[in-house]
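Chemist: The following block contains the structure, expressed as structure tokens.
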Amino acid sequence: MKPNTDSKPQRPLSPHIGIYKWQITMMVSILHRATGLALVAGTVLLVGWLWAAAYSADCFIHINHLLNTIVGRLLLFGWSLAFYLHFCNGIRHLFWDTGRGFEKHTADKTAWAVLLFGSVLTLITWYAVLVLR
Amino acid sequence: MKKESMQSTLKIVRGLGSAREGTSHFIGQRVTALVMIPLTLWFITSLIRIALSPEIHIVHHWLASGINASLLVFLLVALFYHAKLGVQVIIEDYIHCSCLKIAALLANFLAMSGLGLVSVLAVIKIHLIHLV
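Protein chains in written order, with my numbering: chain A, 1 to 133; chain B, 1001 to 1132.
Right under this line is the structure:
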């Protein structure tokens, strides 16, 4: 065998996502990271909103005006959907941590359940906002 | 006598092994996730009530309560710790250039701690206004 002189040995890599057929479990897994990152971006708004409530009444009014525009509402809707999807899939992960639910058909079903419950909870939240208003 | 190692001398020189932080990362992520299940639902119901008339005194009145202010601080700490851990994994997975990776990890740590501190300070400030 030829001795390896590199500091890091060249090991074979697993195939990348490009060659796989799209599957629901894979999509929900990617979605979990994407929604997580989107929520991190959303925390900047949350921090700004809290900061304004504490230090600047003018800023607070301004932020609320911006959130009340169509773009603002779309962003809030998007963040709420991202939150509930991440929330439901997080519970799926915690369930996996107990060592159950790894069978292919179970994982498929729970992935669909995440999409279903995430969407339903989002709609219930916005229904509550509209009805109470 | 020195204990015999199963690793070759080359392997010992090359790798220091794991950083031994994996378990605390795993547990921290899970515990903050569990804690945030009730806290986020509580926060959203509170936000819906505030959204009905989003005025600053409504927020101040809400955080004047010690329970509300404490729960929100608890949520913010769990949230930014959870966010730091999550973003860290993404950085470690996708950034392979080591100096860029270290810079990104450092930026992640500073950003999440900073956002957490600023938000917690804001909550405490609002809460204290009503005690003076």
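A virtual CB, placed ideally from N, CA and C, is assigned to each residue, including glycine.
Residues of chain B with CB closer than 7 angstroms to the CB of A:D64, please, in chain order.
Modeler: Against the first sequence, residue 64 of chain A aligns to sequence position 64. The sequence given here has Asn at residue 64 of chain A, not Asp. Simply P1054.
Chemist: From what residue to what residue does the alpha helix (DSSP H) around A:T69 run?
Modeler: As a position in the first sequence, residue 69 of chain A is number 69, starting the count at 1. Note, A:T69: premise wrong, no alpha helix (DSSP H); not H, not E.
Chemist: Buried or exposed: which applies to B:S1119, given that a residue is buried once 16 or more other Cβ atoms fall within 10 Å of its Cβ?
Modeler: The residue labelled residue 1119 of chain B in the question sits at position 119 within the second sequence. Per the 10 Å Cβ criterion, buried.
Chemist: Roughly how many angstroms separate the alpha carbons of B:C1097 and B:I1090, rounded to a whole number?
Modeler: As a working mapping, residue 1097 of chain B is identified with position 97 in the second sequence. As a working mapping, residue 1090 of chain B is identified with position 90 in the second sequence. So the two alpha carbons sit approximately 14 angstroms from each other.
Chemist: For the segment 112 to 132 of chain A, which residues have a beta carbon sitting closer than 7 angstroms to at least one beta carbon of chain B?
Modeler: Under the 7 angstroms Cβ criterion, the segment 112 to 132 of chain A contributes T125, A128, V129 and L132.
Chemist: Return the chain-ordered list of same chain residues with a C-beta closer than 6 angstroms to the C-beta of A:G42, the five sequence neighbours on each side being excluded.
Modeler: Counting from one through the first sequence, the residue named residue 42 of chain A turns up at place 42. Hits under 6 angstroms: W79.
Chemist: What whole-angstrom Cβ distance do A:Y20 and A:M26 have, given they're in contact under 8 angstroms?
Modeler: Residue numbering aside, residue 20 of chain A sits at position 20 when the first sequence is read from its first letter. Residue numbering aside, residue 26 of chain A sits at position 26 when the first sequence is read from its first letter. Right, their Cβ atoms sit about 7 angstroms apart.
Chemist: At least one CB of chain B closer than 8 angstroms to the CB of A:L46: is that the case?
Modeler: What you label residue 46 of chain A is simply residue 46 of the first sequence in a count that begins at 1. Cβ-Cβ to chain B under 8 angstroms: yes for A:L46.
Chemist: Are the C-beta of B:T1009 and some C-beta of chain A separated by less than 8 angstroms?
Modeler: By 1-based counting over the second sequence, the position of residue 1009 of chain B is 9. For B:T1009, the answer is no, since every Cβ of chain A falls outside 8 angstroms of its Cβ.
Chemist: So with CB distances below 8 angstroms, who are the chain A contacts of B:L1079?
Modeler: Within the second sequence, numbered from 1, the residue matching residue 1079 of chain B stands at position 79. Within chain A, the residues near B:L1079 are T43.
Chemist: Which value, in whole angstroms, describes the spacing of the CA atoms of B:L1041 and B:S1024?
Modeler: By one-based count along the second sequence, residue 1041 of chain B stands at place 41. By one-based count along the second sequence, residue 1024 of chain B stands at place 24. B:L1041 and B:S1024: Cα-Cα distance of roughly 26 angstroms.
Chemist: Three or more C-beta pairs under 8 angstroms: does that hold for the segment 59 to 74 of chain A against the segment 101 to 113 of chain A?
Modeler: These segments do not touch.
Chemist: Checking contacts by CB at 8 angstroms: is A:D97 closer than that to chain B?
Modeler: Taking the first sequence and counting its residues from 1, the one referred to as residue 97 of chain A is at position 97. Yes, A:D97 counts as interfacial toward chain B.
Chemist: At 3 residues or longer, what runs of the beta strand (DSSP E) sit wholly inside the segment 1090 to 1127 of chain B?
Modeler: Segments of the beta strand (DSSP E) lying fully in the segment 1090 to 1127 of chain B: there are none.
Chemist: My understanding is that B:L1039 touches B:A1078, with C-beta atoms under 8 angstroms, so please give their C-beta distance in whole angstroms.
Modeler: Counting from 1 along the second sequence, the entry for residue 1039 of chain B is found at position 39. Counting from 1 along the second sequence, the entry for residue 1078 of chain B is found at position 78. Going by Cβ atoms, the distance from B:L1039 to B:A1078 rounds to 7 angstroms, so yes, they are a contact pair.
Chemist: From the beta carbon of A:G36, is the nearest beta carbon of chain B less than 8 angstroms away?
Modeler: Against the first sequence, residue 36 of chain A aligns to sequence position 36. By this cut-off, A:G36 is an interface position.
Chemist: On the three-state DSSP scale, how would you describe A:K21?
Modeler: Your numbering for residue 21 of chain A matches position 21 in the first sequence. Here A:K21 sits in coil by DSSP.
Chemist: A:L13 versus chain B: which residues are under 9 angstroms apart at the beta carbon?
Modeler: Here residue 13 of chain A corresponds to residue number 13 of the first sequence, with the count starting at 1. Chain B residues near A:L13: none, gap ~12 angstroms exceeds 9 angstroms.
Chemist: Using only the alpha-carbon positions, how far apart do B:L1085 and A:L94 sit?
Modeler: As a working mapping, residue 1085 of chain B is identified with position 85 in the second sequence. As a working mapping, residue 94 of chain A is identified with position 94 in the first sequence. C-alpha separation (whole angstroms): 16 angstroms.
Chemist: Quick check on B:A1051 - is its C-beta less than 8 angstroms from some C-beta in chain A?
Modeler: To locate residue 1051 of chain B, count along the second sequence from 1; it is residue 51. It does; some Cβ of chain A falls within 8 angstroms.
Chemist: Just how far apart, CA to CA, sit A:D108 and A:T35?
Modeler: Walking along the first sequence from the start, residue 108 of chain A turns up at place 108. Walking along the first sequence from the start, residue 35 of chain A turns up at place 35. Rounded to whole angstroms, A:D108 to A:T35 spans 19 angstroms at the Cα level.
Chemist: For B:M1143, count neighbouring Cβ atoms within 10 angstroms of its own Cβ and tell me buried if that reaches 16, exposed if not.
Modeler: This structure cannot settle anything about residue 1143 of chain B, because the visible part of chain B is limited to 1001 through 1132.
Chemist: How is B:G1015 classed by DSSP in three states: helix, strand or coil?
Modeler: In the second sequence, residue 1015 of chain B corresponds to position 15, counting from 1. Coil.
Chemist: First and last residue of the alpha helix (DSSP H) that includes B:R1030?
Modeler: For the purposes of this step, residue 1030 of chain B is identified with residue 30 of the second sequence, where counting begins at 1. That run of the alpha helix (DSSP H) goes G1022 to L1052.
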